[in-house]
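*Asks:* If you read the sequence shown in the numbering used here, its first letter stands for residue 141, the second for the next number, and so on.
Ideal Cβ positions, reconstructed from N, Cα and C, are used throughout, including at glycine.
If you're wondering where the values come from, they're calculated on a predicted model, not measured in any experiment.
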Amino acid sequence: MRGPGSASVRGYGQCKDTLHTSSPFHEAPASVRRPRTTGRVHTLGIRAPPPPRSQPEFLFSGNPFAPVSSVQRDAARRVSPRIPSLDQASRRPVAKLVVPGGNGFIGTEICRVAVQNGHEVAAFGRTGRPALTPARHPWVQDVEWRAADVFAPDAWRDLLDGADAVVHTIATIREHPDRNVTFDRVNAESALRAAEAAVAADVGAVVFLSVRDKPPLVPYAFLSAKRRAERALREDHPSLRTVTLCPNLVYGARKTGTPTLAAVLNQAQGMRPHPYATAEGRPLPVEFVAAAAVQAAVTSTMEGTLTVPQIDDIGRTSGLVDPNAASTPSLAPLLVGLGGTALGAWLLRRWRAS
Ligand SMILES: NC(=O)c1ccc[n+]([C@@H]2O[C@H](COP(=O)([O-])OP(=O)(O)OC[C@H]3O[C@@H](n4cnc5c(N)ncnc54)[C@H](OP(=O)(O)O)[C@@H]3O)[C@@H](O)[C@H]2O)c1
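1) Determine the direct distance from the alpha carbon of V476 to that of T384, and round the result to whole angstroms.
2) Please return the same chain residues whose Cβ sits closer than 6 Å to the Cβ of A372, not counting the five positions on each side in sequence.
3) Which residues bound the beta strand (DSSP E) around V495?
4) Can you give me the Cβ contacts of G302 inside the same chain, cut-off strictly under 7 Å, excluding the 5 residues immediately before and after it?
5) Compute the Euclidean distance between the alpha carbons of R180 and T273, then round it to the nearest angstrom.
6) Pull up the distance between the alpha-carbon of A328 and that of V346, whole angstroms please.
7) Which residue wins for smallest C-alpha separation from V326, given the options A337, A341, I310, G268?
8) Quick one: what's V306 bridged to in DSSP?
9) Kindly provide the ranges of any alpha helix (DSSP H) runs that are 4 or more residues long and lie completely inside the region 309-374, ordered along the chain.
10) Short of 7 Å in beta carbon distance, which residues of its chain neighbour V358, apart from the five on each side in sequence? Order them along the chain.
11) Would Y255 and W279 be called neighbours here (beta carbons separated by less than 8 Å)?
12) Please report the distance separating the alpha-carbon of F85 from that of R266.
13) So that I know if they touch, is there some Cβ in chain B lying closer than 8 Å to that of A341?
14) List the whole-angstrom C-beta distance separating D353 from G421, where the pair is believed to meet the contact cut-off of C-beta under 8 Å.
15) With respect to the beta strand (DSSP E) encompassing A432, which residues constitute its N-terminal and C-terminal limits?
16) Between which two residues does the alpha helix (DSSP H) holding L405 run?
17) Specify, as a first and last residue, the run of the alpha helix (DSSP H) that F245 falls within.
18) Considering just the uninterrupted stretch of the alpha helix (DSSP H) at G479, what are its terminal residues?
19) In terms of DSSP beta bridges, what is V261 paired with?
20) Just the C-alpha distance for S494 and A472, rounded to the nearest angstrom, thanks.
21) If we ignore side chains and look at the alpha-carbon of each, how far apart do V238 and N464 end up?
22) Going by C-alpha distance, which of F264, R297, F362, G397 is nearest A287?
23) Determine the extent of the beta strand (DSSP E) in which V383 is found, giving its start and end residues.
24) What residue range is occupied by the uninterrupted alpha helix (DSSP H) comprising A455?
25) Give the C-beta separation of S470 and A403 to the nearest angstrom, bearing in mind that I take them to be a contact with Cβ-Cβ under 8 Å.
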């Protein structure tokens with residue numbers, strides 16, 4: 141259920157409309173939190189130029205700059221939020237993006253989508269360039285790869301020269317305190333270090349990969365670190381344009397088993413056993429998440445939080461990726477596996493009986 145003022149909450153960077161009061165990442169009600177007073181209009185994820193005083197506030201309505209009546213506004217709040225068709229002027233034709241964690245599952249796809257749409261990309265992770273062959277992935281050669289730890293900024297700071305946006309994709313779902321890998325450090329501090337470096341280098345925007353709901357079997361500390369990073373990006377760096385993406389499961393062929401898991405979650409949507417198996421928290425193909433991240437990075441009017449339906453919309457309509465070529469959920473490996481197990485058991489029974 142949505143709480144009072146929840147429509148506004150989304151505009152301030154929350155990944156969910158309503159937060160559980162018992163959770164460690166519960167925030168104060170929207171009524172006591174105000175948007176940053178930068179003189180800009182804060183709407184559902186769109187930063188618009190300030191309107192003349194007599195105009196009503198702006199909402200998503202197909203055109204981000206069109207005023208809407210209160211009747212239209214109420215209607216808009218009842219439907220799933222839609223991404224407006226973004227004005228071409230606000231989408232820069234060629235931008236430079238820096239992608240911390242760009243050698244990971246989603247980061248790699250963000251690099252591909254950005255390069256293939258004409259943008260300049262520099263990416264780093266501790267192990268550097270991902271194991272993708274240029275023969276099969278020619279775009280890999282157009283990315284400037286660097287082996288660097290985000291906590292050693294001297295090793296990657298120069299990549300920010302002339303950059304327009306940082307797209308942060310570093311995270312862990314497992315802690316290894318003996319190796320200094322904790323949720324707080326990797327999922328929150330790393331984003332704040334990247335944002336600090338961005339501000340120092342005069343980079344205008346940070347796109348942050350967060351998550352809508354706690355993944356199954358992952359401790360709550362994972363999610364509270366993400367929420368802390370979202371809040372700190374917003375509050376500690378008011379000069380930055382920040383966009384937070386909040387998908388749940390992201391699937392693609394390069395992450396084994398995720399297309400099957402996505403198919404199972406989609407099948408379970410009617411039963412709603414978990415937020416990952418709902419329309420609002422449904423799995424998304426990695427191509428759509430990457431398209432939304434690139435769109436957010438290069439669209440100067442976009443700010444706030446992108447929900448699962450909004451990411452889906454951008455993936456389908458932005459033209460940055462071909463929706464027909466996006467990854468698809470597939471039960472086939474599971475059925476083949478189950479079939480193989482059943483066949484094996486049947487053969488074993490026959491062999492024992494003979
Ligand atoms: N996958 C999903 O289903 C999903 C769903 C929702 C949200 N997200 C979010 O999306 C983001 C990307 O997820 P992903 O699945 O692509 O993760 P991933 O494959 O694990 O990629 C993370 C990358 O971060 C790099 N990294 C880790 N520690 C680093 C450090 N100290 N310095 C520099 N680089 C470091 C790793 O490269 P090295 O090992 O080479 O350093 C790795 O390639 C994360 O924020 C995640 O929470 C993912």
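*Replies:* Taking the structure as given:
1) Roughly 38 Å separates the two Cα atoms.
2) The residues are L332.
3) Absent from the structure is residue 495, since the part of the chain shown begins at 141 and ends at 494.
4) Answer for G302: K236, listed in chain order.
5) In this prediction, R180 has a pLDDT of 34, which is less than 50 and means its spatial position is unreliable; what the coordinates show is noted afterwards. Taking the straight line from one Cα to the other gives about 45 Å.
6) 14 Å
7) I310
8) Beta-bridge pairing links V306 to V238, V346.
9) 330-340
10) Closer than 7 Å at the Cβ level, and outside the excluded window around V358, lie I313.
11) Here residue 255 is Val; the residue named in the question, Tyr, does not match the sequence. In this structure, W279 lies closer than 8 Å to V255 by Cβ.
12) Outside the shown range of the chain (141 to 494) lies residue 85, about which nothing can therefore be said.
13) Absent here is chain B; the protein component of the structure consists of one chain.
14) Contact holds; Cβ gap of about 6 Å.
15) That residue, A432, is in no beta strand (DSSP E); its alpha helix (DSSP H) goes 426-438.
16) In the DSSP annotation of this structure, the continuous segment of the alpha helix (DSSP H) that includes L405 starts and ends at 398-407.
17) 245-256
18) 472-493
19) L237, V283
20) 32 Å
21) 28 Å
22) F264
23) V383: member of the beta strand (DSSP E) spanning 381-385, first to last residue.
24) What sits at residue 455 in the sequence shown is Gly, not Ala. Note, G455: alpha helix (DSSP H), 448-457.
25) A Cβ-Cβ separation of about 6 Å places S470 in contact with A403 under the 8 Å criterion.
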